[in-house]
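Protein chains in written order, with the numbering used here: chain A, 1 to 447; chain B, 1001 to 1166. Just so it is clear, CB atoms sit at the ideal spot from N, CA and C, and this is done for glycine as well. Only one structure is covered here, and it is reproduced in the block below.
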């Protein structure tokens, strides 16, 4: 199925000087924006995106058109926030887009701003992405000079300013209301909802927050049409009334113990095994995979015998994962210690919990301390049920936190213990501890 | 009682105008907090208490608001006796890098430089810190040096990195 897929989002990656406006235009760039401004009203663009069934690429998979439709009709000011705070472990597709094809990102932004009637767009980019920041700034300058940004975009009545805004090293700012608070100059604490950003977002005005890859998809929907987009991917599951389908191309990031780590563009629904074998070049050293993260760390783990699961918005829940997430696939070979893996996962979330909600602040730290104890050979069998109880009681799903960070912290715990319980029990019973080399740097980190 | 003692200005006029030049981008002055902190740290290699007070004045905020924001984020250095080195080095310890030798790399780099993670070399050249996912997992184990990311998976790559930090 994926054999002959011609990249669309990555079509310009690898082309010499792909970052330059001239090259982008030669390759059909800004054609979609011109057509949009000439032929469609903002409401018609929103309607097309609704029809395309495009779902957000940032992790939650919320329908993009529906997000735009939530904006109040009588609004006077609208802001577009572009979420380029890509921080989910294993994920780097936004970086590839921004570094290699910044004008594609800007074209998507311009179309989305037109559709939502936003006159200001902020690109909230994580601090670590210095090259992406510089590349985008150069592209923004070029676009202003060419009349693509600023007053009267491409001679139309639509005006748009685009500003880059740098984060400062906080995972939580990828959550859309954490991003909004951070943009306002505050700590990035997610807001209680409602009101949703569409009604009251940044600077208390109606706001849309979209991921970089989502906006690039918007550009191609306007260029190639809704039918083209709907011809790619997986239709809604008739047995699941809540499935909204998984349409369009997707950027899959493959990393870990594979021969060819990288970012691959394929239709939504590619089986995880095919992605790893055919594109990632298989597991390194001819080994077998032991566990795989299918969509960024927050989604939990797959076992080897679950690798035929299609990577779409509907299938991963069936094997106990939280969802597709960012579609970042991280592969761990048969020699990997699952105890060590989960310990590092818990360390990450304990470090990144913003501290606002008690179940997450305390729960992530507690889980990390338990895993540290187990790793040092002082675990108890009942710790496993305690971990599961903690994991089941923190997050949006049990209704105890404001944002989904805690669900993301819980899912690796739930899936690792439920799927690899034998290994945890054997590890605890043997009283074994990992060698100083592998647990040494972890020991000094329990802050 | 109003105190009349003159306080010496800490932030240069140039820095102040760089910060205020960004004001038209945002409807509130508070939104300039992160840009201002970045500019200050870029210039002085840490954010001094005086800078916090003066940023607050400039943005019509209480110093506590600026401090609150600043301490939430991992990027800012606060202590004058341990400013950021000329090179800021982040060694990724998130799962893809960690499982490809990222933690051993951090240990070895620090040992070679004679510091612990989070510290700066005595000559002020390099600050080495553990980092969460740097978004360059295809280069695992990856290291970030002042914004440039490279893969450090061999002796030669480690030697080249150390050479660069001298």
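**OP:** Determine the DSSP secondary structure at residue 359 of chain A, reduced to helix, strand or coil.
**Re:** Residue state, collapsed to three classes: helix.
**OP:** For residue 247 of chain A, decide whether its Cβ has a neighbour in chain B, counting only Cβ atoms nearer than 8 Å.
**Re:** Output row for residue 247 of chain A: interface = no.
Original post:
Along chain B, in chain order, which residues have C-beta atoms closer than 9 Å to that of residue 303 of chain A?
Top reply: Near residue 303 of chain A there are no residues of chain B at all, since even the closest Cβ is about 17 Å away, more than 9 Å.
**OP:** Check residue 213 of chain A in the structure and name its three-state DSSP category.
**Re:** helix
**OP:** Look up residue 332 of chain A in the DSSP assignment and say whether it is helix, strand or coil.
**Re:** strand
Original post:
Does the beta-carbon of residue 1009 of chain B have 16 or more other beta-carbons within 10 angstroms, so that it is buried, or is it exposed?
Top reply: exposed
Original post:
Residue ranges of each beta strand (DSSP E) run of no fewer than 3 residues wholly in the segment 1053–1091 of chain B, ordered along the chain?
Top reply: none
**OP:** Look up residue 189 of chain A in the DSSP assignment and say whether it is helix, strand or coil.
**Re:** coil
Original post:
For residue 1 of chain A, does the count of other Cβ atoms within 10 angstroms reach 16, so buried, or fall short, so exposed?
Top reply: Summary for residue 1 of chain A: the model assigns pLDDT 46, below 50, so the residue's position carries little reliability; its value from the coordinates is reported in the next sentence. Burial call: exposed.
Original post:
Residues bridged to residue 250 of chain A by DSSP?
Top reply: A:266
**OP:** Sort out for me which residues DSSP pairs residue 303 of chain A with in a bridge.
**Re:** Answer by DSSP bridge pairing, in chain order: A:291.
**OP:** State yes or no: is the beta carbon of residue 187 of chain A nearer than 8 Å to at least one beta carbon in chain B?
**Re:** yes
Subject >> Option nearest residue 106 of chain A by Cα separation, candidates A:65, A:71, A:76 and A:153 >> reply: A:153
Original post:
If you drop the 5 nearest sequence neighbours on each side, which residues of the same chain put their C-beta closer than 8 Å to that of residue 1027 of chain B?
Top reply: Apart from the 5 residues on each side of it in sequence, residue 1027 of chain B has no Cβ closer than 8 Å to any other Cβ in its chain.
Original post:
Based on the DSSP output, what are the partners of residue 122 of chain A in its beta bridges?
Top reply: A:81 and A:163
Original post:
residue 1061 of chain B to residue 1067 of chain B, Cα distance in whole Å?
Top reply: 10 Å
Subject >> N- and C-terminal bounds of the alpha helix (DSSP H) containing residue 44 of chain A >> reply: 42–52
Subject >> Sequence-distant residues of the same chain with beta carbon closer than 8 Å to residue 1139 of chain B, five excluded per side >> reply: Excluding its 5 nearest sequence neighbours in each direction, residue 1139 of chain B has C-beta neighbours in its own chain below 8 Å: 1149, 1150 and 1151, listed in chain order.
Subject >> Beta carbon proximity, residue 1074 of chain B to chain A, threshold 8 Å >> reply: yes
Original post:
Are there 16 or more other CB atoms within 10 angstroms of the CB of residue 364 of chain A, so buried, or fewer, so exposed?
Top reply: buried
Subject >> alpha helix (DSSP H) segment containing residue 1097 of chain B, residue limits >> reply: 1095–1098
Subject >> 8 Å Cβ cutoff met for residue 330 of chain A and residue 1095 of chain B >> reply: yes
**OP:** Drop a sphere of 10 angstroms on the beta-carbon of residue 414 of chain A, count the other beta-carbons inside from all chains shown, and report buried for 16 or more, exposed for fewer.
**Re:** buried
Original post:
Which one of A:94, A:286, A:347 and A:159 has the shortest CA to CA distance from residue 259 of chain A?
Top reply: A:286
Original post:
Buried or exposed: which applies to residue 213 of chain A, given that a residue is buried once 16 or more other Cβ atoms fall within 10 Å of its Cβ?
Top reply: Under this definition residue 213 of chain A is a buried residue.
Original post:
Taking C-alpha atoms, which residue in B:1092, B:1043, B:1059 and B:1077 lies nearest to residue 1021 of chain B?
Top reply: Distances from the alpha-carbon of residue 1021 of chain B to those of B:1092, B:1043, B:1059 and B:1077 put B:1059 closest.
Subject >> Bridge partner(s) assigned by DSSP for residue 1129 of chain B >> reply: Per the DSSP secondary-structure output, residue 1129 of chain B pairs in a beta bridge with B:1090.
**OP:** Use the C-beta contact count for residue 335 of chain A: other C-beta atoms within 10 angstroms, 16 or more gives buried, fewer gives exposed.
**Re:** exposed
Subject >> Neighbour flag for residue 400 of chain A against chain B, beta carbons, 8 Å >> reply: Cβ-Cβ to chain B under 8 Å: no for residue 400 of chain A.
**OP:** Mark residue 1011 of chain B as exposed unless 16 or more other C-beta atoms lie within 10 angstroms of its C-beta, in which case mark it buried.
**Re:** buried
Original post:
Which chain A residues are close to residue 1153 of chain B, counting only those with a beta carbon under 7 Å from its beta carbon?
Top reply: Residues of chain A passing the Cβ test: none, with the nearest at roughly 11 Å.
Original post:
With C-beta atoms as the reference, is residue 55 of chain A less than 8 Å away from residue 63 of chain A?
Top reply: yes
Original post:
When DSSP builds the beta bridges, which residues end up paired with residue 1150 of chain B?
Top reply: B:1143
Subject >> Whole-Å CB distance - residue 123 of chain A paired with residue 222 of chain A, under 8 Å assumed >> reply: Wrong, their Cβ atoms sit about 20 Å apart, outside the cutoff.
Original post:
Does the pairing of the segment 345–362 of chain A with the segment 171–188 of chain A give three or more beta-carbon distances under 8 Å?
Top reply: yes
Subject >> Beta-carbon proximity list for residue 1023 of chain B, same chain, < 8 Å, skipping 5 on both sides >> reply: 1029 and 1032
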